[in-house]
Structure formats: structure tokens, C-alpha cells
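Note that the working numbering gives residue 227 to position 227 of the sequence shown, counting from 1, and the numbers run on in steps of one. Every residue, glycine too, gets a C-beta built ideally from N, C-alpha and C. For clarity, every value in this text was computed on a predicted model and none was experimentally measured. Here is the structure we will look at.
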Amino acid sequence: MATAWRTAVQLLAEIAETEFRSPDGLTAGEAFARINEMRAINTEASAAIKNDVDASLYREDMARLDTLQEQLLAQIERHLMEALQDGRVIGFGYSSPDSERRQIDPKHWHFLELDARRNRAESKKHGLVYAGLRFARESDLSRARKHRPTAQEPAESNVYSIRPGTPGRPTSRHIVELEFRRRAASGEVEPRLGLEAEALRKWLRHQHPKAPPLTKKAIENFLRSEFNQLKIKSGPQNPNEKAPK
1 MATAWRTAVQ LLAEIAETEF RSPDGLTAGE AFARINEMRA INTEASAAIK
51 NDVDASLYRE DMARLDTLQE QLLAQIERHL MEALQDGRVI GFGYSSPDSE
101 RRQIDPKHWH FLELDARRNR AESKKHGLVY AGLRFARESD LSRARKHRPT
151 AQEPAESNVY SIRPGTPGRP TSRHIVELEF RRRAASGEVE PRLGLEAEAL
201 RKWLRHQHPK APPLTKKAIE NFLRSEFNQL KIKSGPQNPN EKAPK
């Protein structure tokens, strides 16, 4: 029985889609959608801004939504860290250039900081570093051991989920969406949709070479609405400035 190994980004995307619930009971997708709906409402209202006071209030509202999104991403990562700490998810990684990829002691995750984009975890204070991370659920490993007791080393496999509505066709859209939201939260989004889509296309190709590829056009299409709402977050700089379309 093959074990489904995942990178950090893949596992975060899976948790966001299947396990995570916000304090008010929303899935991650529903929570992100609600934030975007509020952005859209604010954006529409911004057309009536006529003075600096209103413009300032608009920017404050959009900044608050940015904070909500950052908190949501942090909550999803915290959910993963708790699963790693209590052993429900097992991490493997390289601790040095000459080492074999080995299982990470669950206790170490109390001290490690996860860098999902670089797929590594580190604690400078405690001299811990793990690169080339791979994760699997403990339940999957248990089942695999019953069929092949020596199967311990993570191997590359097709871990890309099939989204509803596309039977039989795997897609990496959810991975790109999560990376886009991470980039948005850290202020790394490109100024134009085409540039951002190309950056994400290259990121997917280099970071997840075995994932189903996505074209620049496909990324533009499914990110267009969210991209436009995110790029308006700073608000008009003066009453006569128009929001981007």
C-alpha cells in the first residue's frame, strides 16, 4: 500500500479544504470567500469616496480584512503544527547535506518554525534544521507498515487531490490558491494579474514538479476576482483615483 507523502504546502492546502474550521464554524474556503465578499462591498462603496476622512476609513477597513486573512492563514498553520506535535502527522526531513531523510521527533515541533514555501523547518535557538520536508498522516503510515513493515522512507508520489466537479482529473489549483494567499498576506503579490499568474506558474513548476501543471491563462482565470479585490486593498490615494479593474 503506497503512502501519500505531501510537502508542507500540499498538506496545508489539504487541511484548509478538509479539516480546518474557523471559530465561527466556516471552512477555510468559506472564510476566505467571506473576506473577499467584504472586500468587494468596500470596493464598491469606495466609488463614493469624496474626502480624505472617508478614504482613511476605507483603508482601515481593508487593512482589517488583510489582518483577518493573515490570522486565518496562521490558524491553518497552527492546526498543522498541533497535528505534528501530537503525532497525528509525521514529518521527515534532511538535517544536514550528508544525512538521510529521517523522521522528525514530534517533540521538536514545539520549537521548530515551519517555512512552508521553502519546505523546511528550523529552530536557530535549539540548533535544529530540517530541509526537504515530507509529511504523512500517522494512520496512513500504520496501514502501510501492515502491508510492508520496512517502508519508512518518504518517496515521491501523486499526492495532488481531485477537486469536486472534475472527476478523474487531478489539479494543483488549490496549491496555487494557498500560495497566492500566502504571498498576499506577506505583500509579495505582483502589481498585475498576468505577472502574478506567471510567477505562480513558475513557482508550481519548480516547487512541485510532479504536480499537474497549470497554464498562465488558467491561473489568471481562477484568481482574477480575488486578485482584483486584493490589489484594491490600499484604497484610492486621493478622491479622484479610480480602483483597478
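query, result
"Buried or exposed for residue 133, please, with buried defined as at least 16 other CB atoms from any protein chain shown within 10 angstroms of its CB.", "buried"
"Report back the beta-carbon spacing between residue 263 and residue 90 to the nearest angstrom; my notes put them in contact at under 8 angstroms.", "This structure gives no information on residue 263, because the portion of the chain shown stretches from 1 to 245."
"Using the C-alpha atoms, what's the distance from residue 225 back to residue 22?", "23 angstroms"
"Please name the residue, chosen from 213, 142, 140, 231, that lies closest to residue 174 on a Cα-to-Cα basis.", "213"
"Assign residue 41 to one of two classes, buried (16 or more other C-beta atoms within 10 Å of its C-beta) or exposed (fewer than that).", "exposed"
"By how many angstroms is the C-alpha of residue 94 removed from the C-alpha of residue 155?", "At residue 155 the pLDDT is 47, less than 50, meaning the model places this residue with poor confidence; the figure from the coordinates comes in the next sentence. One C-alpha to the other measures close to 14 angstroms."
"I need the boundaries of the beta strand (DSSP E) containing residue 135, first residue and last residue.", "128 to 137"
"Would residue 119 be called buried (16 or more neighbouring beta carbons within 10 Å of its own) or exposed?", "buried"
"Leaving out the 5 sequence neighbours to the left and right, which residues in its chain are closer than 8 angstroms to residue 87 when beta-carbon positions are compared?", "106, 138"
"I'd like to know whether the C-beta atoms of residue 185 and residue 69 end up nearer to each other than 9 angstroms.", "yes"
"When DSSP labels each residue in this structure, what does residue 122 get in the three-state scheme?", "strand"
"Would you call the CB atoms of residue 180 and residue 114 closer than 9 angstroms?", "no"
"Taking the DSSP output, what are the residues bridged to residue 103?", "92"
"Quick one: Cα of residue 235 to Cα of residue 84, how far?", "Since pLDDT at residue 235 reaches only 49, below the 50 mark, its modelled position is unreliable, and the value read off the structure follows with that caveat. So the two alpha carbons sit approximately 39 angstroms from each other."
"Counting along the chain, where does the alpha helix (DSSP H) carrying residue 37 start and finish?", "28 to 45"
"Whole-angstrom Cβ separation of residue 111 and residue 102, contact assumed at under 8 angstroms?", "The Cβ separation is near 17 angstroms, so there is no contact."
"Quick check on the DSSP output: the alpha helix (DSSP H) that includes residue 204 runs from which residue to which?", "193 to 207"
"Rounded to a whole number of angstroms, what is the C-alpha to C-alpha distance between residue 98 and residue 59?", "50 angstroms"
"Per DSSP, residue 114 is paired with what?", "121"
"Apply the 10 Å Cβ neighbour rule to residue 208 and answer buried if 16 or more other Cβ atoms are within range, or exposed otherwise.", "buried"
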